[in-house]
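Shown next, in structure tokens, is the structure this report addresses.
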Amino acid sequence: MRLWKRNYSFGLLFLLLALLTNCFMVVGEAEAKRPKYLFKMASLAPEGSIWALRFDQFAQEVKEKSGGEVGFRVYPGGVMGDDRAMFRKMKIGQLQGAGFTMTGIGEIVSDFRVMGIPYLFQSYDEVDEVLEKLMPRYVEAFAEKNMVLIAMSEVGFIYTMSTIPIPTLDDLRKSKSWAPEGDPVSLAFMEAVDISPVPLSLPDVLVALQTGMVNTVFNSYYGSIILQWFTKVKYITDAPFAYAYGSLVFDKKALDRLPEGHLAIIKEAAGKYFAGKLKEDIRRTNVEALETLKANGISVIPVDPAAKPVLIRLRDQVVAESIGKYFSAEIYNEMMAILNNYRKSHP
């Protein structure tokens with residue numbers, strides 16, 4: 000009987016040791032799989048969108064090429080709040096990076112706002128020319144704020160979308176238009192057109208359309224689908240309002256912890272998936288999205304030809320008032336010099 004008890008005690012002890020050993024092995028394996036450098040990233044891009052898909056591919060390539068040492072935990076779809084909330088969380092270290100919309104970028108580096116001036120760019124070729132030449136300046140401006148601009152992302156040309164047809168200026172003036180919260184240039188332009196816009200952050204727009212708070216919004220063809228705005232609008236005015244963009248920005252302190260080789264991997268992958276593949280995706284998908292919108296009963300209506308010169312005159316008036324207030328004269332003059340030179344060489 001004593002022998003049985005002794006053997007039972009030894010057996011129980013052996014079982015406990017085996018269980019503890021197994022637990023330590025599991026914990027050890029988990030620790031081994033955990034990235035040495037973890038970046039918590041947030042974005043307003045909805046899960047399942049092209050922007051989120053390309054980020055996932057970017058993150059996977061960085062993970063593989065860094066031998067699993069660099070990893071990302073992503074919070075898509077605005078779960079970390081709007082641009083301002085993401086920026087605050089980056090400053091306190093809760094996030095190490097974020098994908099900002101054009102509104103968010105403009106609040107961090109105000110000179111970025113020149114890229115979103117209404118009725119300025121006439122083609123993607125013009126956008127590419129200007130952005131390529133201004134990028135070094137923008138990278139430097141973010142560095143001064145202890146942030147690293149890794150890549151630009153694209154939304155594309157945005158259009159007036161509404162529940163009522165808006166072919167003329169008078170129709171636009173009668174509309175209940177949304178204006179992006181934190182975008183003073185767009186707000187000033189709408190006020191110059193004699194519109195009293197409703198400023199809202201991006202996540203609040205769909206509800207505003209549903210409740211009738213606004214009946215006119217501005218988005219790309221693809222953006223209106225992925226954000227579900229197309230379910231509430233019935234008309235698209237066939238004249239691009241402006242060019243819209245985004246950016247992938249990292250906290251400089253977080254990147255400074257990386258070995259030089261890992262940082263090079265991040266930059267190379269960002270160029271591949273954002274400046275390359277994503278830009279191609281967006282431009283192709285916006286064309287496809289227009290056909291989808293039409294198939295869903297949304298009508299594309301021509302704009303009154305008399306409206307354009309008035310809009311351009313008001314745009315120039317707003318730009319003159321914005322220089323030195325919402326963006327610098329230096330950046331605006333440099334951009335216009337690039338744009339005018341390009342137009343002269345590409346008549």
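In numbering that gives the first Met the number 0, the protein residues as written are 0 to 346. Ideal placement from N, C-alpha and C gives every residue a C-beta, glycine not left out. Here the structure is a predicted model, which is why all the values come from computation and not from measurement.
_Out of ALA178, GLN209 and PRO202, which one is the CA nearest neighbour of ILE194?_
Here residue 194 is taken as the residue at index 195 of the sequence shown, counted from 1. Here the closest residue by C-alpha is ALA178.
*Applying the criterion that 16 or more other CB atoms from any shown protein chain within 10 Å of the CB defines a buried residue, is ARG314 buried or exposed?*
In the sequence shown, residue 314 corresponds to position 315, counting from 1. When all chains shown are included, ARG314 counts as buried.
*Taking the alpha-carbon positions, what's the PHE198 to LEU257 distance?*
Here the question's residue 198 lines up with position 199 in the sequence shown. Here the question's residue 257 lines up with position 258 in the sequence shown. The question names Phe, but residue 198 is Pro in the sequence shown. Their backbone Cα atoms lie some 40 Å apart in a straight line.
*Exposed or buried, which one is ARG53 when buried takes at least 16 other CB atoms within 10 Å?*
For the purposes of this step, residue 53 is taken as the residue at position 54 of the sequence shown. Buried, because 16 or more other Cβ atoms sit within 10 Å of the Cβ of ARG53.
*Where VAL192 and PHE229 are concerned, what is the direct C-alpha to C-alpha distance, given to the nearest angstrom?*
As a working note, residue 192 is residue 193 in the sequence shown. As a working note, residue 229 is residue 230 in the sequence shown. Distance between the alpha carbons of VAL192 and PHE229: 25 Å.
*Tell me, please, whether the segment 297-312 touches the segment 85-92 by the rule of three or more beta-carbon pairs shorter than 8 Å.*
As far as the Cβ criterion goes, the segment 297-312 does not touch the segment 85-92, which means the pair count is below three.
*asked:* Could you tell me the alpha carbon to alpha carbon distance between ASP124 and ILE225, rounded to whole angstroms?
replied: Mapped onto the sequence shown, residue 124 falls at position 125. Mapped onto the sequence shown, residue 225 falls at position 226. Distance between the alpha carbons of ASP124 and ILE225: 25 Å.
*For LYS266, which residues of its own chain have a beta-carbon under 7 Å away from its beta-carbon, when the five flanking residues on both sides are left out?*
Numbered from 1 along the sequence shown, position 267 holds the residue referred to as residue 266. So the qualifying residues of the chain are ILE149.
*In the segment 112-177, which residue ranges form an unbroken beta strand (DSSP E) of at least 3 residues, counting only runs that do not cross its ends?*
Note on the segment 112-177: whole beta strand (DSSP E) runs with a minimum of 3 residues are 146-161, in chain order.
*asked:* Let me check one thing: in DSSP terms, what residues is LYS39 bridge-paired to?
replied: Mapped onto the sequence shown, residue 39 falls at position 40. Paired residue(s): ARG72.
_Judging by CA-CA distance, which residue of ASP182, LYS293 and LYS173 is the nearest neighbour of GLY105?_
Working through the sequence shown from its first residue, we reach residue 105 at position 106. Of the candidates ASP182, LYS293 and LYS173, the one whose C-alpha sits nearest the C-alpha of GLY105 is ASP182.
*Any idea if GLY260 is buried or exposed, counting beta-carbon neighbours within 10 angstroms, 16 or more meaning buried?*
Numbered from its first residue, the sequence shown carries residue 260 at position 261. It is exposed - the Cβ of GLY260 has fewer than 16 other Cβ atoms within 10 Å.
*Would you mind listing the beta strand (DSSP E) stretches within the segment 213-252 that are 3+ residues and don't spill past its ends, in chain order?*
215-218 and 234-250
_Short of 6 Å in beta carbon distance, which residues of its chain neighbour LEU19, apart from the five on each side in sequence? Order them along the chain._
As a position in the sequence shown, residue 19 is number 20, starting the count at 1. Model confidence at LEU19 stands at a pLDDT of 43, short of 50, so the residue's coordinates are unreliable; what they give is reported in the following sentence. Closer than 6 Å at the Cβ level, and outside the excluded window around LEU19, lies no residue.
*How about GLU113 and MET334: are their beta carbons less than 7 Å apart?*
For the purposes of this step, residue 113 is taken as the residue at position 114 of the sequence shown. For the purposes of this step, residue 334 is taken as the residue at position 335 of the sequence shown. The amino acid at residue 113 is misidentified as Glu; the sequence shows Val. In this structure, MET334 lies closer than 7 Å to VAL113 by Cβ.
_Closest Cα partner of VAL320 within the set ALA44, SER65 and SER185_ = Within the sequence shown, numbered from 1, the residue matching residue 320 stands at position 321. Correcting the residue identity first, residue 320 is Glu in this sequence and not Val. For GLU320, the nearest C-alpha among the options comes from SER185.
*Hey, PHE249 and ASP110: beta-carbon distance below 7 Å or not?*
Numbered from its first residue, the sequence shown carries residue 249 at position 250. Numbered from its first residue, the sequence shown carries residue 110 at position 111. Result no, Cβ atoms of PHE249 and ASP110 do not sit closer than 7 Å.
_Candidates LEU310, ILE235, LEU208 and MET212, of which the one nearest ALA187 by Cα_ = Taking the sequence shown and counting its residues from 1, the one referred to as residue 187 is at position 188. Checked all of LEU310, ILE235, LEU208 and MET212; the closest Cα to ALA187 is LEU310.
*Could you please give the first and the last residue of the uninterrupted alpha helix (DSSP H) stretch that includes LEU260?*
Taking the sequence shown and counting its residues from 1, one reaches residue 260 at position 261. As written in the sequence, residue 260 is Gly, which differs from the Leu given in the question. Segment 259-269, the alpha helix (DSSP H) holding GLY260.
_Once DSSP output is grouped into helix, strand and coil, what is the label at VAL184?_
In the sequence shown, the residue the question calls residue 184 occupies position 185. Note: VAL184 maps to helix in three-state DSSP.
*On a CA-only basis, which of LEU43, LYS39 and ILE330 is nearest PRO135? Give me that one, please.*
Residue mapping note: residue 135 aligns to position 136 of the sequence shown, counting from 1. Nearest C-alpha to PRO135: ILE330.
_If you reduce the DSSP assignment to three classes, tell me which class SER195 lands in._
Your numbering for residue 195 matches position 196 in the sequence shown. Of the three classes helix, strand and coil, the one that applies to SER195 here is coil, per DSSP.
*Out of ALA253, GLU153 and LEU171, point me to the one whose CA is closest to SER161's CA.*
Locating residue 161 in the sequence shown gives position 162, where the first residue counts as 1. Cα-wise, what sits closest to SER161 is LEU171.
*May I have the straight-line CA-CA distance separating THR215 from VAL154, to the nearest angstrom?*
Indexing the sequence shown from 1 puts residue 215 at position 216. Indexing the sequence shown from 1 puts residue 154 at position 155. Cα-Cα distance, rounded: 19 Å.
*Count the other CB atoms within 10 Å of the CB of VAL73; is the residue buried (16 or more) or exposed (fewer)?*
For the purposes of this step, residue 73 is taken as the residue at position 74 of the sequence shown. Looking at its Cβ environment, which holds 16 or more other Cβ atoms inside 10 Å, VAL73 is buried.
*Rounded C-alpha distance that separates MET85 from ARG33*: Within the sequence shown, residue 85 is the residue found at index 86, counting from 1. Within the sequence shown, residue 33 is the residue found at index 34, counting from 1. If I take the Cα positions, the gap works out to 24 Å.
*Using a Cβ-Cβ cut-off of 6 Å (strictly less than) and excluding sequence neighbours within five positions of SER42, which residues of its own chain qualify?*
Reading the sequence shown from its first residue, position 43 is the one you call residue 42. Only PRO75 and GLY98 meet the Cβ criterion.
*8 Å contact criterion, which LEU277 and ILE49 should meet: CB distance rounded*: Translated into the one-based positions of the sequence shown, residue 277 becomes position 278. Translated into the one-based positions of the sequence shown, residue 49 becomes position 50. Confirmed, Cβ separation roughly 7 Å.
*Going by Cα to Cα distance, which pick from TYR220, LEU201 and PHE156 is closest to SER298?*
By one-based count along the sequence shown, residue 298 stands at place 299. Minimum Cα distance to SER298 is reached at TYR220.
*Based on Cα-Cα distance, which residue from GLN95, ASP82 and ARG83 lies nearest to PHE71?*
As a position in the sequence shown, residue 71 is number 72, starting the count at 1. For the residues GLN95, ASP82 and ARG83, the minimum Cα distance to PHE71 belongs to GLN95.
*Give the secondary structure of GLY105 by DSSP, where H, G and I count as helix, E and B as strand, and everything else as coil.*
For this step, residue 105 is matched to residue 106 along the sequence shown. Residue state, collapsed to three classes: helix.
_Alpha-carbon spacing of ARG342 relative to LYS39, whole angstroms_ = Against the sequence shown, residue 342 aligns to sequence position 343. Against the sequence shown, residue 39 aligns to sequence position 40. If I take the Cα positions, the gap works out to 42 Å.
*Endpoints, the beta strand (DSSP E) within which PHE281 is located*: Counted from its first residue, the sequence shown places residue 281 at position 282. Correcting the residue type first, residue 281 is Ile in the shown sequence and not Phe. Taken as a continuous stretch (DSSP letters only), ILE281 belongs to no beta strand (DSSP E), being part of the alpha helix (DSSP H) at 278-294.
*DSSP state of GLU30 mapped onto helix, strand, coil*: Counted from its first residue, the sequence shown places residue 30 at position 31. Note that GLU30 has pLDDT 43, beneath the 50 cutoff, so the model's placement of it is unreliable and the number below is only indicative. Residue state, collapsed to three classes: helix.
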